[in-house]
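Right, one structure below, let's go through it.
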Amino acid sequence: MAVRNIPVVIGGAGLECAYASSPDELVRRLAAGESVATQPWFARDREAADLRLPGNPHHASFFVGEAARMSVMERAQQVLERVIAQALQGSNLDEAALCGPDVRVYVAGHGMRPNIGDFAGYENRNDDEDRLYFPKLKELSVANYAQDELAHRLALRYRLAAPPVPIYTASCSAMSSLYLASQAIRAGLARRALVVGWMQYTLQDIVFMGGQGVLGVGNSQPFSAQSGGMLPADGACALLLEAADDAPGTTTSPRIQLASCVAYQSSGEARSAITADFRAIAATMERALEAAALKPEQIACVVPHANGTPASDKSEAMAILKIWGKQGVPVVTYKGQTGYMSVCSGLLDLFAITDALVKQEVLPAQTRLPLDDTLQIDFHANRAALPLAGGAILKSTLGLDGSIVACVLMQEPQPGGLHEVRGS
Numbered sequence: 082m083a084v085r086n087i088p089v090v091i092g093g094a095g096l097e098c099a100y101a102s103s104p105d106e107l108v109r110r111l112a113a114g115e116s117v118a119t120q121p122w123f124a125r126d127r128e129a130a131d132l133r134l135p136g137n138p139h140h141a142s143f144f145v146g147e148a149a150r151m152s153v154m155e156r157a158q159q160v161l162e163r164v165i166a167q168a169l170q171g172s173n174l175d176e177a178a179l180c181g182p183d184v185r186v187y188v189a190g191h192g193m194r195p196n197i198g199d200f201a202g203y204e205n206r207n208d209d210e211d212r213l214y215f216p217k218l219k220e221l222s223v224a225n226y227a228q229d230e231l232a233h234r235l236a237l238r239y240r241l242a243a244p245p246v247p248i249y250t251a252s253c254s255a256m257s258s259l260y261l262a263s264q265a266i267r268a269g270l271a272r273r274a275l276v277v278g279w280m281q282y283t284l285q286d287i288v289f290m291g292g293q294g295v296l297g298v299g300n301s302q303p304f305s306a307q308s309g310g311m312l313p314a315d316g317a318c319a320l321l322l323e324a325a326d327d328a329p330g331t332t333t334s335p336r337i338q339l340a341s342c343v344a345y346q347s348s349g350e351a352r353s354a355i356t357a358d359f360r361a362i363a364a365t366m367e368r369a370l371e372a373a374a375l376k377p378e379q380i381a382c383v384v385p386h387a388n389g390t391p392a393s394d395k396s397e398a399m400a401i402l403k404i405w406g407k408q409g410v411p412v413v414t415y416k417g418q419t420g421y422m423s424v425c426s427g428l429l430d431l432f433a434i435t436d437a438l439v440k441q442e443v444l445p446a447q448t449r450l451p452l453d454d455t456l457q458i459d460f461h462a463n464r465a466a467l468p469l470a471g472g473a474i475l476k477s478t479l480g481l482d483g484s485i486v487a488c489v490l491m492q493e494p495q496p497g498g499l500h501e502v503r504g505s
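Just so you know, the working numbering puts 90 at position 9 of the sequence shown, and the rest follows in order with no gaps.
Written out as structure tokens, the structure is:
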């Protein structure tokens, strides 16, 4: 059977998060140089100290008010339906566009998770009296946390021909889903693919990351030696991918092509996204360039994972230096402003990249802490917008499980190449 290589274009996008209520608002706020509002995770610093955390980490919450009172299942379903509606509207499509047999849907992220803080004190107390006086215990049930239930609800809601596929590769989840979605389209197995995901940090996330020393306490800034770590932020994203010959042609904006997407999965290594091997990152980037039939000098900007964790940021900087040399290519990341949505962070970056390619200029990041000059990268921050002049943008993402995904996006159609998953 002949190998197919159908071009893939970026369709509509949807976003609701602590920073912005849509992709358009994301771009407007970045252009204005604004940062997300944050607050300490714990009401009192003593609570953080009791959990042996180095400080009271800041975070950017989104699921507040009525959403916070919903069950996890209802909360996730409602926010996903809203971002899916945005994505469909952005592609000039209605819900019927998701019904066909050539449509794939991927749900990125952790899935349904209880917050251990709601139940830890009652793990040995679950008789009738406990359930009467501690009603939160009743929420810890299959009805609220069954992993297949959300997929089942989405399949019914949109009359999907195939059930959504859940994907979890830690903070690389959305980009791993993007990889699988693009591969399905390139191979002719699908004509349209939808990637959705949401992130809501829980107490166990904070305790785990705080124990690893990767949480900022009001001092999160990628590529800064003074960064305390990442800034957790909640939200949800959706992105449509389409076969280039199927994408609606009614829009006057240029179409953005996913010229390549390459995934790498290490196994059995002692490294992670916190102390990632720069050689694996560089190799994945190089394969993305090769698959897009581009040379390093044809990349106008690199958008790395860069979440404010110094060890991870340094590994990415070393990978960039290996390919482009000192100050060899502009680098930008906005996680110091938007916060870090973990499993969905890659999609949020793609929304900003797509806008940059349409307008042919990259918005600068805004920093509050001094950059680490020893990294020797050209971090495009606190400057005027960067003209692209037709150049492509490379995006990379890392996962705590050893996953790495790199992709190349450009405005003008280019033939794709071979895309592969390598294992070590």
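Even for Gly, the Cβ is constructed at its ideal location relative to N, Cα and C. Computed from a prediction, not measured in an experiment: that's the story for all the values here.
Counting only the Cα atoms, Val486 lies some 14 Å from Ile474. Pairing Glu210 with Arg156, the inter-Cα distance amounts to about 28 Å.
Under the DSSP assignment, Tyr187 falls in the beta strand (DSSP E) whose first and last residues are Val184 to Ala189. Counting along the chain, Ser341 sits inside the beta strand (DSSP E) bounded by residues Gln338 to Gln346. Val153: member of the alpha helix (DSSP H) spanning Val153 to Gly171, first to last residue. Bounds of the beta strand (DSSP E) holding Met280 are Arg273 to Met280.
Put simply, the stretch 167-178 does not touch the stretch 256-272. Fewer than three CB pairs are less than 8 Å apart.
Thr250 sits away from Asp459, with the two beta carbons spaced by 8 Å or more. Between the alpha carbons of Met491 and Ala465 lies a distance of about 21 Å.
With contacts defined as CB atoms closer than 8 Å, Tyr187 and Ala242 fail to qualify as a contacting pair.
Here Gln159 has Ala148 and Met151 as same chain residues with Cβ atoms under 8 Å from its own Cβ, once five neighbours each way along the sequence are excluded. With 16 or more other Cβ atoms from the protein chains shown falling within 10 Å of its own Cβ, Asn388 counts as buried. In the three-state DSSP reduction, Lys476 falls in the strand class (E or B).
Taking the CA atoms as reference points, Val246 sits about 36 Å from Leu402. By the beta-carbon neighbour count (other beta carbons within 10 angstroms, threshold 16), Arg368 is buried. Around the beta carbon of Pro451, fewer than 16 other beta carbons sit within 10 angstroms, so the residue counts as exposed.
At the C-beta level, Leu322 and Val489 stay beyond 8 Å of one another. With a cutoff of 8 Å on beta-carbon distance, Gln281 and Asp315 are scored as near each other. Lys407 and Gly427 have their C-alpha atoms some 25 Å from each other.
Under DSSP, Ile485 forms a beta bridge with Tyr345 and Leu479.
Cβ neighbours of Asp436 within its own chain (closer than 6 Å, five residues either side excluded): Val108. In the DSSP secondary-structure assignment, Thr250 is bridged to Ser252. Counting only runs of 3+ residues, the beta strand (DSSP E) found wholly inside the stretch 89-142 occupies 89-98, in chain order. In the pairwise beta carbon analysis, the stretch 333-344 is classified as not touching the stretch 117-125: fewer than three pairs are separated by under 8 Å. Distances from the CA of Asp183 to each of Val443, Val276 and Ala271 were compared; the closest alpha carbon is that of Ala271.
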